[in-house]
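Just so you know, the protein sequences line up as chains F and D, in that order. The first sequence begins at 1 in this note's numbering and counts up one residue at a time. The second sequence begins at 86 in this note's numbering and counts up one residue at a time. No residue lacks a Cβ here, since even glycine has one placed at the ideal position from N, Cα and C.
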Amino acid sequence: MVRLAYTFAAGSRMIDARVIGIHEFPEEGKKYEVVLVPKTWVNDRVFLDGAAPTKGMMERAYVLMIQQALDDTIPPGKFRMPEKL
Amino acid sequence: MRAWTAVILISATLVLAGCPSRDDGAKSVSAPVIQLGEEATSLITRKMILLTRPVVIHLYRGSGKEKNTDKVEALLEIVAGASDNLSVVKHDLAEDPDLRRELTSDHGPIMVFEGPSEARISYYGYPERKELSPFLDGILISSGSTTPLTDRSRDFLGGLDREVGFKVFVTPD
Numbered sequence: 001m002v003r004l005a006y007t008f009a010a011g012s013r014m015i016d017a018r019v020i021g022i023h024e025f026p027e028e029g030k031k032y033e034v035v036l037v038p039k040t041w042v043n044d045r046v047f048l049d050g051a052a053p054t055k056g057m058m059e060r061a062y063v064l065m066i067q068q069a070l071d072d073t074i075p076p077g078k079f080r081m082p083e084k085l
Numbered sequence: 086m087r088a089w090t091a092v093i094l095i096s097a098t099l100v101l102a103g104c105p106s107r108d109d110g111a112k113s114v115s116a117p118v119i120q121l122g123e124e125a126t127s128l129i130t131r132k133m134i135l136l137t138r139p140v141v142i143h144l145y146r147g148s149g150k151e152k153n154t155d156k157v158e159a160l161l162e163i164v165a166g167a168s169d170n171l172s173v174v175k176h177d178l179a180e181d182p183d184l185r186r187e188l189t190s191d192h193g194p195i196m197v198f199e200g201p202s203e204a205r206i207s208y209y210g211y212p213e214r215k216e217l218s219p220f221l222d223g224i225l226i227s228s229g230s231t232t233p234l235t236d237r238s239r240d241f242l243g244g245l246d247r248e249v250g251f252k253v254f255v256t257p258d
């Protein structure tokens, strides 16, 4: 997840990828309701608990998360993982 | 007589306090802040050999309430020692309110990577154990080292015209 987020940031200057250790930043963990890790938030609008089973699926999930986060017609909340990525 | 008594008392106090006398040749040795295992040391060496372009890591520390900043500093010394292409610049968050706003925190440890790729990447916390490898990869990615993505993802990222902020929450376990 960390590597992929950084790779995405290298793919576009529009992306800022921040990795946050909740041991050192418990207040952030609380604010973003981190119960299990890894947890990814995109634009503070869409979140994903855990990871997809493969790197390819995770890559696709991150693209879809960005699309969902940028779509103002979709209410903020949990990432809706399609059945088929 | 009174002066001799005072000297004896002071000497006894120093011995009891564990202070070496001037001529006993003892040196004070402080414990290292971190001790990396063989596996972690080898990982750092293997990854940093791949760093062929200069990267700067900006390390931000702030108030006294923060955790593990000394460990991060020690880790960065080790990692920077493994490559001539990596340097570390330290900053004090307490001195810069704009920076605190930008980083959305008043405390460290926060590391911001600066390299030829111009990727906007940062690490908040101490990247130990299973987080060490992706952290080192972050340095390589910052240097411009490419990691393969599918054409579809690359095209999508290339077409982004709005700001996107990723926050990935992790623990080292």
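Segment contact: the region 9–23 of chain F against the region 235–248 of chain D, three or more CB-CB distances shorter than 8 Å; contact assigned. Excluding its 5 nearest sequence neighbours in each direction, A125/D has C-beta neighbours in its own chain below 7 Å: L217, listed in chain order. Distance from the CA atom of Y145/D to the CA atom of E158/D, rounded to whole angstroms, is 10 Å.
Contact residues of the region 6–26 of chain F toward chain D are Y6, T7, F8, A9, A10, G11, S12, R13, M14, I15, D16, A17, R18, V19, I20, G21, I22, H23, E24 and F25 (C-beta to C-beta distance below 7 Å). If you look at G243/D, you'll find it in the alpha helix (DSSP H) that goes D236 to G243.
Going by DSSP, L144/D is part of the beta strand (DSSP E) stretching over V140 to R146.
K175/D and G210/D have their C-alpha atoms spaced approximately 15 Å apart. For L128/D, the enclosing alpha helix (DSSP H) has its first and last residue at E123 to M133. Contact annotation: the region 177–190 of chain D does not touch the region 122–141 of chain D, with fewer than three C-beta pairs closer than 8 Å. A straight line joining the alpha-carbon of E28/F with that of V253/D spans about 11 Å.
Within the same chain, Cβ atoms closer than 6 Å to the Cβ of T154/D are found at R146, G193 and P194, the five residues on either side in sequence being excluded. Taking 4 residues as the minimum length, the alpha helix (DSSP H) runs contained wholly in the region 146–185 of chain D are 154–166, in order along the chain.
For chain F, the residues of the region 124–152 of chain D that bring a beta carbon within less than 8 Å of one of its beta carbons are E151 and K152, in chain order. Interface annotation, P76/F: not in contact with chain D, CB-CB separation never under 8 Å. Cβ atoms of F79/F and M57/F stay farther apart than 8 Å, at about 13 Å.
Three or more pairs of CB atoms, one per stretch, sit closer than 8 Å, so the region 222–234 of chain D contacts the region 202–209 of chain D. Between the C-alpha atoms of P26/F and E213/D there is a straight-line separation of about 17 Å.
The CB of M1/F comes closer than 9 Å to the CB of P219, V253 and V255 in chain D, given here in chain order.
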